[in-house]
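Numbering of the sequence shown is given in UniProt numbering, commencing with residue 1 and proceeding in unit increments. Note that the Cβ used here is the ideal one computed from N, Cα and C, for glycine as well. On a predicted model such as this, the values are computed, not experimentally measured, just so you know. Okay, structure first, notes after.
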Amino acid sequence: MAKTVLILSGSPNPQSRLAGIISHLETTLAARGVDVDHLAAASLPAEDLIFGRFDSPAVQEANARVARADAVIVASPVYKASYTGLLKTFLDLLPQKGLEGKTVLPVMIGGTIAHLLAIEFALKPVLSALGARRFAGEVYALDTQVERKETPGGVIYELQDELRERLDAAAARLAGETADAAVRV
């Protein structure tokens, strides 16, 4: 059975430093033979999110993509000591047990180490309320660990070695736990 990981981005900015982290995770997982799907909450119609339109075709398709995934990476920058409101509006539209049976990897990036616990006290409780029980750890990065560079060919990101190592280890755990879960089914 092919393993599929959905990367759910809660960033309102498609070229934020979080994009560099997501890109690294995509590349690392693909190299391990994992099928990677990427869903940016910002790509969904704003009115559907704000007005809680569960019946919106875009929301239904996004929820179907989450349902098809074996594992989900939930990635967000830290805003006001928590995950983004954009991510929250999408999570509110997932079915009550939308993450049940999935391995989940929370990933956040913030400006200070003081927000490290945003994963533990803000994001993970919501993910648990949606049925997540298996976490492949978590990764918190500082803005200073991801350098964003404008080049003539577009934006490139350089990750510090220590962050890259932690992301690689998390991707390995996620791929391994996803494979183990597929065998148990």
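- Listed in chain order, the beta strand (DSSP E) elements of length 3 or more contained wholly in the UniProt domain "NADPH-dependent FMN reductase-like" (5-144) are 35-40, 71-77, 103-110 and 139-142.
- For Gly154, the enclosing beta strand (DSSP E) begins and ends at Gly154 to Leu159.
- Per DSSP, the continuous beta strand (DSSP E) segment holding Lys149 begins and ends at Val146 to Thr151.
- In this structure, the alpha-carbon of Ala75 lies about 23 Å from that of Glu150.
- C-alpha of Leu94 to C-alpha of Gln160: approximately 34 Å in a straight line.
- Minimum Cα-Cα distance from Arg68 among the listed residues Val5, Ile113 and Lys80 corresponds to Val5.
- Residue environment analysis places Asp92 among the exposed positions, since fewer than 16 neighbouring C-beta atoms fall within 10 angstroms of its C-beta.
- In this structure, Leu130 sits near Gly98, with a CB-CB distance shorter than 9 Å.
- Val139 is positioned such that its CB atom lies closer than 9 Å to that of Leu105.
- Ala136 sits away from Leu29, with the two beta carbons spaced by 9 Å or more.
- Of the candidates Arg134, Glu61, Ile119 and Gly33, Gly33 places its Cα closest to the Cα of Lys3.
- The alpha carbon of Tyr79 has as its nearest neighbour, out of Leu163, Arg166 and Asp143, the alpha carbon of Asp143.
- Straight-line spacing of the CA atoms in Ile113 and Asp55 works out to 39 Å.
- One thing to note: Phe90 has its Cβ within 9 Å of the Cβ of Leu44.
- A residue is called buried when at least 16 other Cβ atoms come within 10 angstroms of its Cβ; Gly111 does not meet this threshold and is exposed.
- Of all alpha-carbon atoms in Asp35, Leu18, Asn13 and Ile22, the one lying nearest the alpha-carbon of Ala175 is that of Asp35.
- Burial check for Ala58: the Cβ neighbour count within 10 Å stays below 16, so the residue is exposed.
- Inter-residue distance for Ser128 and Ile7 is about 17 Å (C-alpha atoms, whole angstroms).
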